[in-house]
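In the numbering used here, the protein residues as written are 245 to 433. Note that the Cβ used here is the ideal one computed from N, Cα and C, for glycine as well. Just so we're clear, the structure is a prediction, and the values are computed from it rather than from any experiment. Remarks on the structure that follows.
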Ligand SMILES: [Cu+2]
């Protein structure tokens with residue numbers, strides 16, 4: 245297991261423990277009480293305990309969001325000028341790729357794509373019909389980055405390919421009968 249997968253596994257186990265903990269807490273605090281103690285104050289008061297619980301929960305969520313949001317791929321290479329821009333139009337059941345953007349109402353241009361290794365490139369991804377996925381797999385067939393291809397919308401995906409070779413593109417959004425065969429590729433050198 246590579247370290248990245250291990251981190252994700254640990255994250256999921258921690259989240260699982262937190263979720264189970266919340267359920268156990270809610271279950272235990274919602275049990276009918278057999279004590280007749282009225283006029284409780286301080287932390288023995290269930291309302292105050294609940295309030296404190298939600299304050300801590302909110303604080304944990306804010307800390308986690310602050311720590312993880314800047315690491316989302318939306319900001320990858322945001323300050324760099326892409327060396328190449330590739331226009332991608334997905335449709336049932338293929339990807340058309342070109343260095344030129346197409347004109348509305350005409351078939352999208354399609355050409356073999358070659359990208360420079362070690363330089364930031366940008367894909368501008370859209371769809372001509374339904375929602376598709378645009379997922380890039382490296383030379384070892386590992387998924388490295390992906391975005392959605394949506395009709396009427398252009399998603400920009402920036403990446404830097406360090407390894408030269410053939411990269412595959414697959415659709416990750418079930419889009420119809422031949423979805424499983426919706427593939428393309430490009431060369432990095
Ligand atoms: Cu598909």
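For residue i, write down the residues that DSSP places opposite it in a beta bridge.
{"i": "residue 413", "result": "380, 428"}
{"i": "residue 335", "result": "338"}
{"i": "residue 368", "result": "331, 400"}
{"i": "residue 358", "result": "431"}
{"i": "residue 395", "result": "371"}
{"i": "residue 387", "result": "381"}
Judging by CA-CA distance, which residue of the options is the nearest neighbour of residue i?
{"i": "residue 259", "options": "301, 340, 400, 425", "result": "301"}
{"i": "residue 440", "options": "311, 290, 261", "result": "Since the displayed the chain opens at 245 and closes at 433, residue 440 lies outside it and no answer follows."}
{"i": "residue 385", "options": "368, 342, 429, 391", "result": "429"}
{"i": "residue 417", "options": "403, 389, 374", "result": "374"}
{"i": "residue 361", "options": "398, 305, 327", "result": "327"}
{"i": "residue 367", "options": "351, 265, 307, 345", "result": "345"}
{"i": "residue 370", "options": "383, 308, 348", "result": "348"}
{"i": "residue 415", "options": "292, 267, 335", "result": "335"}
{"i": "residue 319", "options": "308, 343, 364", "result": "364"}
{"i": "residue 408", "options": "267, 382, 422", "result": "382"}
{"i": "residue 376", "options": "355, 423, 354, 343", "result": "423"}
{"i": "residue 255", "options": "288, 312, 303", "result": "312"}
Where residue i and residue j are concerned, what is the direct C-alpha to C-alpha distance, given to the nearest angstrom?
{"i": "residue 252", "j": "residue 400", "result": "25 Å"}
{"i": "residue 250", "j": "residue 257", "result": "11 Å"}
{"i": "residue 433", "j": "residue 330", "result": "15 Å"}
{"i": "residue 315", "j": "residue 321", "result": "12 Å"}
{"i": "residue 277", "j": "residue 269", "result": "15 Å"}
{"i": "residue 333", "j": "residue 271", "result": "51 Å"}
{"i": "residue 437", "j": "residue 338", "result": "This structure does not reach residue 437, given that the chain is present from 245 up to 433, and the question cannot be answered."}
{"i": "residue 317", "j": "residue 372", "result": "25 Å"}
{"i": "residue 412", "j": "residue 323", "result": "26 Å"}
{"i": "residue 405", "j": "residue 391", "result": "16 Å"}
{"i": "residue 402", "j": "residue 340", "result": "18 Å"}
{"i": "residue 352", "j": "residue 395", "result": "13 Å"}
{"i": "residue 380", "j": "residue 292", "result": "50 Å"}
Using the Cβ count rule (16 or more neighbours within 10 Å means buried), how would you classify residue i?
{"i": "residue 393", "result": "buried"}
{"i": "residue 410", "result": "exposed"}
{"i": "residue 425", "result": "exposed"}
{"i": "residue 295", "result": "exposed"}
{"i": "residue 298", "result": "exposed"}
{"i": "residue 359", "result": "buried"}
{"i": "residue 263", "result": "exposed"}
{"i": "residue 378", "result": "buried"}
{"i": "residue 388", "result": "exposed"}
{"i": "residue 437", "result": "Outside the modelled stretch of the chain, which goes from 245 to 433, sits residue 437, for which no answer is possible."}
{"i": "residue 357", "result": "buried"}
Let me see if you follow: with CB-CB separation under 9 Å, is residue i close to chain D or not?
{"i": "residue 360", "result": "The question asks about chain D, but that chain is absent: this structure has only one protein chain."}
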